DNA sequence: GACAGTGGGACAAACGTTTGCATTAATTGC
DNA sequence: GCAATTAATGCAAACGTTTGTCCCACTGTC
């Protein structure tokens, strides 16, 4: 029923190849002919059939974005940015949700592979070897994961952990805890490593707790361990965990931030609502950048080109994080333990700042 | 590079049509041959090319979901459910974000139309005639919108508004306000109408405020109008507006719920965090249902079938809402205005309940 | 006035499938 | 045992594009 290229050709007495070129290589067709073709196409409501085009060119002008859970507030900004960036290049995007299941993830990648020019894997849970195998079938860009030979965009977690630990140390905290996420999470591993390193650098003690599920329930579960750890400053795997923890502590009568300070990661919308201090990660920029890498890598490819023309594998791109100070952090209670003078004075200054402009948000 | 149907055919000395049938109509091919074909396909890593299949069958096994804003927490559960339901039927889904722009929406529909078997338009902003035109090109199911002749799934806003207004009236409020969303929003129109009707039915006064943007900023903007309206009970277009309003009122020293009660709509994750009383709408079920309607309508279609085989246009499906009572609603302050005895006594009871089990959530 | 150069278009093959029809072989009914 | 049915497979056209190659009719040049 919809008009085909042949209908257009017939309508203006010209060969189909001319119509085709009018769209794909306008320079090769006479200006007068071109406008006749365009008029006819417009009038017939012609839209090129992408499937047919994909069949012969080998390029689909489609991208795929695969995430663990669309309802996790961390992902939507990334998806949105990816989609919008793709649209800039006249691409559409498939979005798939793996429900946190590596097997589903793998199957989705496989079935999607034939229909896209590239795949964006966001915080993938798949095994490294599986990822490498899959990268052989279809161009891939990873987000929040490093696998040898596969391009990736990452958050600068080293800096992020340093910002969080420094902030707590600046406030005067000397006993910290890192509340970890899932054991299988690459991000968790990195964050933990970076936290340990930053704590050592500042000369404060840091204990590791977990693993816990990466959501509010995980935070609730972590509460007892946090209390017995004796830490006055807590750095959590992500905002959801931090929020779950904060709410639970408060319900149990532990004042936050007066008795325990909490820092999260990601700066999801909920974090602002509960005034959680957190390390903001530029998820939207990650989505944009990843799509750009995919498209760049892809350009010049196609079924005819073959593997030889494939662009050299791009490297990793690291995105800057930034600390957002809100109302979940403050100096530790004065009683325990004996404060060092330097830390205390700095902490006092911070404290005053926070009370003065309580509804202000400082970005560091 | 990837194996084609021809490679498989050659590998097991059989014609391509037999291979094709092995997948699309296994009953027509001998069991022994079938297993030989399957083995060869498996060994060569053959996956049917969807573009080629789409080209000849006219069916893409793809669906599209179009929303105004992916980062609006209202939509992700709907997208997730739609995607998961589609996967059950071996379909993939495109997700597109219109950035609240009707023109973008229209263009996305047009470009997506050629690549999908059906489109899910969630709270579309497009004009009615434009929607009708588009529905002629590709099967469509609307969510949260009624347009003559186009199937739709809707929230039962009549019931929702009644639940909200009844709840406020039960608490003893006699002067209410409806804080409206965008003027172009169909949902807003319905909600407003239903609120007026419910208020009249209960014999309480209700004034309409707005329009306001459908987000927290909208709620902030609405605060002055709410205060001057004299209302003690507020029903807001959605949770985001309700939250923005609540936070602003509190910052200005107006106690919620002691001085003003607020009810939202949607029950987004943030609502639970700030203990907002709200009318929950089953967005995930909406996504699931809509996909089911789309697929059902689509089955038996295809390029060869033509319009004659198109199933009769499905009707509307209305989904039940439910009131979630949290801590943003309470009886009005005793001073203003003189309470009617019936309302008061009931309100007292409610009030006691709330204080007794403060962290409990009642679903009505 | 023949000739190379060039711009514009037509021709046809190809992409990887599906599917109606023809063909063959095996089975059944009489 | 022969026609008629059924089961299994082969054959080839078709889907709507893109693109390499070929052809024609102009130009401008010597």
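Residue numbers (the working numbering), protein chains in the order written: chain A, 283 to 646; chain B, 283 to 646. Every residue gets a Cβ at the ideal spot worked out from N, C-alpha and C, and that includes glycine. As the structure is a prediction and not an experimental result, all values here were calculated from the model.
- Listed along chain A, the residues sitting closer than 8 Å to residue 331 of chain B by beta-carbon distance are 337, 396.
- Taken in chain order, the unbroken stretches of alpha helix (DSSP H) that lie wholly in the segment 393-468 of chain A and span 4 residues or more are 410-419, 439-453.
- Close CB contacts of residue 573 of chain A within its chain, under the 6 Å cut and outside five residues either way in sequence, are with 364, 367, 368 (chain order).
- For residue 371 of chain A, none of the residues of chain B pass the 8 Å Cβ criterion, the least Cβ distance being about 13 Å.
- With a threshold of 8 Å between beta carbons, residue 422 of chain B makes no contact with chain A.
- Here residue 444 of chain A is buried. Its C-beta has 16 or more other C-beta atoms within 10 Å.
- Put simply, the backbone Cα of residue 430 of chain B is about 20 Å away from that of residue 348 of chain B.
- With contacts defined by Cβ atoms closer than 8 Å, residue 434 of chain A and residue 425 of chain A form a contacting pair.
- For residue 491 of chain A, the enclosing beta strand (DSSP E) begins and ends at 487-491.
- As a beta-bridge residue in DSSP terms, residue 375 of chain A pairs with A:345.
- Here the segment 344-358 of chain A lies against the segment 378-398 of chain A, with 3 or more beta-carbon pairs under 8 Å apart.
- Out of B:342, B:320, B:372, the CA that lies nearest to the CA of residue 292 of chain B is found in B:320.
- Beta-bridge pairing by DSSP links residue 545 of chain A to A:517, A:559.
- The beta carbon of residue 548 of chain B sits no closer than 8 Å to any beta carbon of chain A.
- Residues of the same chain with a CB within less than 7 Å of the CB of residue 285 of chain B, apart from the 5 flanking positions on each side, are 326, 327, 328 in chain order.
- If the five residues before and after residue 455 of chain B are omitted, its C-beta is found closer than 7 Å to the C-beta atoms of 486, 514, 515, 543, 614, all from its own chain and listed in chain order.
- Cα atoms of residue 342 of chain A and residue 340 of chain B: separation of roughly 16 Å, rounded to the nearest angstrom.
- Between residue 556 of chain B and residue 545 of chain B, the C-beta gap is not smaller than 8 Å, which leaves the two residues out of contact.
- In this structure, the beta-carbon distance from residue 451 of chain A to residue 517 of chain A does not fall below 8 Å.
- Between residue 610 of chain A and residue 538 of chain A, the gap from beta carbon to beta carbon is short of 8 Å.
- At least 8 Å separates the CB of residue 494 of chain A from every CB of chain B.
- For residue 337 of chain B, the enclosing alpha helix (DSSP H) covers residues 332-339.
- For the segment 547-571 of chain A, the beta-carbon criterion of a distance under 7 Å to any beta-carbon of chain B is satisfied by 551, 552, 555, 556.
- Residue pairing from DSSP places residue 600 of chain A in a beta bridge opposite A:436.
- Contact between the segment 495-506 of chain A and the segment 520-533 of chain A is present, with at least three C-beta pairs closer than 8 Å.
- Around the beta carbon of residue 312 of chain B, fewer than 16 other beta carbons sit within 10 angstroms, so the residue counts as exposed.
- A distance of 8 Å or more separates the beta carbons of residue 337 of chain A and residue 598 of chain A.
- Within the segment 345-361 of chain A, those residues whose Cβ lies closer than 9 Å to any Cβ of chain B are, in chain order, 346, 347, 351, 352, 353, 354, 355, 357, 358, 359, 361.
- Taking a contact as a CB-CB distance under 8 Å, the pair residue 376 of chain A and residue 376 of chain B counts as one, their CB atoms being some 6 Å apart.
- In terms of Cα proximity to residue 427 of chain A, the closest of A:294, A:466, A:354 is A:466.
- In the structure shown, residue 499 of chain B falls within a helical segment according to DSSP collapsed to helix, strand and coil.
- Burial check for residue 370 of chain B: the Cβ neighbour count within 10 Å stays below 16, so the residue is exposed.
- For residue 399 of chain A, the closest Cβ of chain B is not nearer than 8 Å.
- The residues 318, 319, 322, in chain order, have a CB closer than 7 Å to that of residue 294 of chain A in the same chain once the five nearest residues on each side in sequence are set aside.
- Neighbourhood of residue 379 of chain A in chain B, by CB distance below 7 Å: 362, 365, 366, in chain order.
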